[in-house]
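Chemist: Shown below is the structure under consideration.
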């Protein structure tokens with residue numbers, strides 16, 4: 662065997678060892694898995710053809726290191742107020758201000774960390790016959806308390822693509838079941854409270870929704886999150902329930918007013 666062939670053989674063996682070591686590190690790297698339940702109630706109100714406002718109330722329940730019970734700990738409660746502007750039929754621009762009471766969140770080390778969050782968001786819709794495809798861009802400023810009782814500012818960018826497919830109709834309307842699938846990646850600035858990783862997480866979401874009426878809908882989905890962290894990677898498996906009400910109080914007033922209308926009998 663020539664010296665050149667021998668050298669190539671040695672290089673191949675080294676590459677093979679490196680690949681095996683990398684795969685082994687990925688498989689056996691320290692990863693902690695949590696099972697969670699997310700629920701959110703969304704209240705939307707139309708102002709006019711261009712503007713609407715929205716209020717979200719949410720909570721997160723999680724298993725812990727000592728218990729696999731999905732409801733073992735209430736880790737987070739949140740309230741969020743939105744303003745939406747419909748620039749064109751394809752572009753929806755939004756902004757929100759939110760307060761999150763992070764009581765015992767695995768992501769940030771399971772300590773109490775109140776958080777104020779401000780965001781700018783744009784959604785572009787690809788309207789197709791029989792389904793809707795959209796892409797969402799969101800920039801968040803997170804003002805969070807760390808373990809030293811000081812506040813860190815964390816910038817985070819989120820990019821999502823989402824697919825919605827009506828099952829028993831070509832359009833979304835009352836009585837329609839629809840399928841949902843989305844993929845989202847997160848990137849953030851480094852901070853003590855959330856870690857120094859630039860890549861924050863990846864979230865896959867699949868499930869279904871149902872429109873009880875044109876103004877009331879429910880979505881039940883499964884979410885899988887992967888969070889790479891220097892202190893140990895995390896995986897989250899979550900069941901997510903979202904209930905949405907459009908113009909709730911306006912619709913209630915209509916029903917109450919209609920029910921109270923005097924009945925005029927024929928003479």
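In the numbering used here, the protein residues as written are 662 to 928. We put the CB at the ideal spot given by N, CA and C, even for glycine.
1. Since I believe residue 877 is in contact with residue 906 (beta carbons under 8 Å), could you give me their beta-carbon distance rounded to a whole number of angstroms?
2. Could you have a look at residue 802 and say whether DSSP puts it in helix, strand or coil?
3. Is residue 915 buried or exposed, if buried means 16 or more other CB atoms sit within 10 Å of its CB?
4. Alpha carbon to alpha carbon, how far is residue 881 from residue 827? Give it in angstroms, no decimals.
5. Would you list, in sequence order, the uninterrupted beta strand (DSSP E) runs of no fewer than 3 residues that lie entirely inside the region 773 to 823?
6. At the level of alpha carbons, what is the spacing between residue 816 and residue 805?
7. What separation, rounded to the nearest whole angstrom, lies between the Cα atoms of residue 751 and residue 873?
8. Residues bridged to residue 844 by DSSP?
9. Please report how far the alpha carbon of residue 820 lies from the alpha carbon of residue 753, in whole angstroms.
10. Using DSSP bridges, identify the partner residues of residue 849.
11. Opposite residue 749 in the DSSP bridges: which residues?
12. Would you report the Cα separation of residue 733 and residue 777, rounded to the nearest angstrom?
13. In chain order, what residues of the same chain have a beta carbon less than 6 Å from the beta carbon of residue 774, not counting five sequence neighbours either side?
14. Compute the Euclidean distance between the alpha carbons of residue 761 and residue 715, then round it to the nearest angstrom.
15. Go through its chain and collect everything with a Cβ distance to residue 912's Cβ below 8 Å, but skip five positions before and after it.
16. Cutting at 8 Å between CB atoms, please list the residues of its own chain near residue 708, excluding the five before and the five after it.
17. Note the first and the last residue of the continuous beta strand (DSSP E) segment covering residue 904.
18. Three Cβ pairs or more, each shorter than 8 Å: is that satisfied between the region 829 to 837 and the region 851 to 868?
19. Assign residue 695 to buried or exposed, taking buried as 16 or more other Cβ atoms, counted over all protein chains shown, within 10 Å of its Cβ.
20. Expressed to the nearest angstrom, what Euclidean distance is found between the alpha-carbon atoms of residue 689 and residue 888?
21. Assign residue 743 to buried or exposed, taking buried as 16 or more other Cβ atoms, counted over all protein chains shown, within 10 Å of its Cβ.
22. What residues in its chain sit with their C-beta under 6 Å from that of residue 925, if we drop five residues either side in the sequence?
23. Can you list, in chain order, the residues of its chain with a C-beta nearer than 6 Å to that of residue 799? Leave out the 5 residues immediately preceding and following it.
24. Nearest-angstrom Cα distance between residue 918 and residue 837?
25. Between which residues of its own chain and residue 795 is the CB-CB distance below 6 Å, once the five residues before and five after are set aside?
Modeler: From the atom records:
1. 6 Å
2. Under the three-state reduction of DSSP, residue 802 is assigned to strand.
3. exposed
4. For residue 827 and residue 881, the distance between alpha carbons rounds to 15 Å.
5. 774 to 789 and 792 to 806
6. 11 Å
7. 25 Å
8. 822 and 865
9. 15 Å
10. 817
11. The partner list for residue 749 (beta bridge, DSSP) is empty, contrary to what the question assumes.
12. 25 Å
13. 763, 805 and 806
14. 16 Å
15. 876
16. 714
17. 894 to 907
18. No, the region 829 to 837 does not touch the region 851 to 868.
19. So residue 695 counts as buried.
20. Because residue 689 sits at a pLDDT of 39, beneath the cut-off of 50, its placement in the model cannot be relied upon, and the following sentence gives the value as read from the coordinates. If I take the Cα positions, the gap works out to 16 Å.
21. buried
22. With a pLDDT of 46 at residue 925, under the threshold of 50, the modelled position of that residue is not reliable, and the figure given next carries that caveat. Cβ within range, chain order: n/a, list empty.
23. 780, 782 and 819
24. 28 Å
25. 784, 786 and 823
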